[in-house]
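See structure below.
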Amino acid sequence: PQNTDGQRHISTLKRIEPISLILYANGIFLFNGPFRSYTEPSTQQFIRDVQDGYFPSELQERFP
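Numbering (UniProt numbering) for the sequence shown: 1 to 64.
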């Protein structure tokens, strides 16, 4: 697309690798571990964020 001064600007999106999340009856593996029990407060917050439809707060620094 051209802007008003006749210059062309091209934008591209950076492809980000998928985040690996494995759910078990008693906890999760996020990325390549370590195993995180559902009893851990940080795991509970992660799951709550996902269930509420939010991007998990603990990933926001890594994926701004």
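Note that CB positions come from ideal geometry on N, CA and C, so glycine has one too.
Rounded straight-line distance, which links the Cα of residue j to that of residue i
i          : j     : result
Ser20      : Leu13 : 21 Å
residue 69 : Leu23 : With the chain covering 1 to 64 only, the question about residue 69 has no answer from this structure.
Arg62      : Phe55 : 12 Å
Thr43      : Gln51 : 12 Å
Phe35      : Asn26 : 10 Å
Ile47      : Arg15 : 25 Å
Endpoints, the beta strand (DSSP E) within which residue i is located
i     : result
Ser37 : Phe35 to Ser37
Bridge partners - residue i, DSSP secondary structure assignment
i     : result
Gly27 : Tyr24 and Ser37
Whole-number beta carbon distance between residue j and residue i, since they are thought to touch under 8 Å
i     : j     : result
Ser57 : Gln45 : 7 Å
The ligand PLP heavy atom lying under 7 Å from the CB of residue i
i    : result
His9 : Absent from the structure shown: the ligand PLP. Ligands present: none.
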